[in-house]
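In terms of our numbering, the sequence shown opens at residue 7 and continues consecutively. Cβ atoms here follow ideal geometry from the backbone N, Cα and C, with glycine treated the same way. In what follows, a single structure is set out as structure tokens and then discussed.
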Amino acid sequence: MDFRIRQLQCFLTLADLLNYNKTARVLYMSQPTISFQIKSLEEAFGAKLFVRDRQQVRLTEAGRAFRDYAQTIMDTVDSAHEALSNINTRLQLRVACGPVGQFVLLPSILRMLTEMYPDFELEVIELTTEQMIARLPEGKVDALLMVGSLPVPGLHFDPLYEDSLMAMVSCRSPLAQMDAISVECLRTTPIIASRMKDCRFHQPFVRALLAPFGITPRIVESPQSCTVQFAYAAAGEGLAIATRAMEACVFPNIVARPFQEELPTFQLGLASMLSNDSAAMAIFRNVALKCATTALKAKPRTAARPVTPRPKLVQPAVTYFSGQTQAS
């Protein structure tokens, strides 16, 4: 059996009007086309649906029976079209966040979206850096909030914030008693960094950061979770390096301390694919920019610290490190 939606439209319109000329005008079709569509439908079902003579057009018994089925089919088609149209126009976005995005920026974004776009559906998912790199081009995640620029072909990166680096240490550590920590302390103090399977950039970033000082860091590997890494630091397993914005967050038994030496700043932003030109992405980008301007620039500042001249630095390759992105 083979029939088309257009044939059902012709049948139902003719069944209502019982006039070929009027049906052709309503559907913007020629009368021969209407006749052809009805004949094709009758052949598909093997039944005569209309009786036509010089005086009138009438539904046959089969035509009257078929009318209810045809209407049900068309109603279902209309419902499906409406549902699919709503999906295409729905403001829906899947976002993965780095720690600054999740702990500092996300609350203000959620508030603004709720106030300005109450129908916006934002799904926040937890991914490692390696999962971000794999899933963003596949469309399994739409945007990455407050990460560094990643080596993903076709990536669009909106820089939102540039920040200095700080040490996150246990409040029981002697380092917590210092106003500022020298990188020389990192000759003996382990640094907590993500496992290579979670982020290929974190450990190389740490090594490149300290190489100009002649320091080879001792790495303590941990899952790529900001809270887990801070828990390691709180337990005295080592020191975690984070952006200054994270000092606005409260973690038990952790204190943030600046470095005495001038270290490279770290750029964070919003990453998405160039091909993602949806209305939801445009709205989210605009909201993220507004919230970053307010929330991040208004963060508390520590007291002025002494700056020790640093050796001539080869800028570490920080471009592709996405921060301590919250893991699964």
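Check                                                                                                                                                                             : Outcome
CB-CB under 7 Å to Q43, same chain, minus the five flanking residues each way: which ones, in chain order?                                                                        : R12, Q13 and C16
Do the stretch 163 to 176 and the stretch 128 to 145 meet, that is, are 3 or more Cβ pairs less than 8 Å apart?                                                                   : no
Out of curiosity, what's the CA-to-CA distance linking P196 and R224?                                                                                                             : 5 Å
Are L99 and D164 touching if we call contact CB-CB under 8 Å?                                                                                                                     : no
Mark Q183 as exposed unless 16 or more other C-beta atoms lie within 10 angstroms of its C-beta, in which case mark it buried.                                                    : exposed
Does the beta-carbon distance from R201 to Q230 come in below 8 Å?                                                                                                                : yes
Using a Cβ-Cβ distance cut-off of 8 Å, determine whether N27 contacts chain C.                                                                                                    : Of the chains in the structure shown, none is chain C; there is only one protein chain.
Going by beta carbon distance, what residues of the same chain come within less than 8 Å of L181, once the five residues before and after it are set aside?                       : A173, V175, I187, C191, T195, L245 and R263
Kindly list the residues whose CB is nearer than 8 Å to the CB of I139, restricted to its own chain and excluding five residues on each side of it in sequence; keep chain order. : L156, P157 and V158
Do the stretch 18 to 32 and the stretch 58 to 69 make contact, defined as three or more Cβ pairs closer than 8 Å?                                                                 : yes
Consult DSSP for F207 and reduce its assignment to one of helix, strand or coil.                                                                                                  : coil
Would you kindly work out how many angstroms separate the C-alpha atoms of Y238 and H87, rounded to a whole number?                                                               : 53 Å
To the nearest whole angstrom, what separates the beta carbons of G154 and Q77, a pair I think is in contact under 8 Å?                                                           : Between Q77 and G154 the Cβ distance is about 57 Å, and since that is not below 8 Å, they are no contact.
Provide the residue span of the alpha helix (DSSP H) that contains F17, from first to last.                                                                                       : I11 to L23
Classify Q37: buried if its beta carbon has 16 or more other beta carbons within 10 angstroms, exposed otherwise.                                                                 : exposed
Are the Cβ atoms of L151 and G107 separated by less than 8 Å?                                                                                                                     : yes
Could you check whether M279 and L161 sit closer than 8 Å to each other, using their CB atoms as the reference points?                                                            : yes
Does the stretch 107 to 119 touch the stretch 248 to 266, meaning 3 or more C-beta pairs lie closer than 8 Å?                                                                     : yes
DSSP three-state call for Q273: helix, strand or coil?                                                                                                                            : strand
If you run the structure through DSSP and keep just helix, strand and coil, what is D59?                                                                                          : coil
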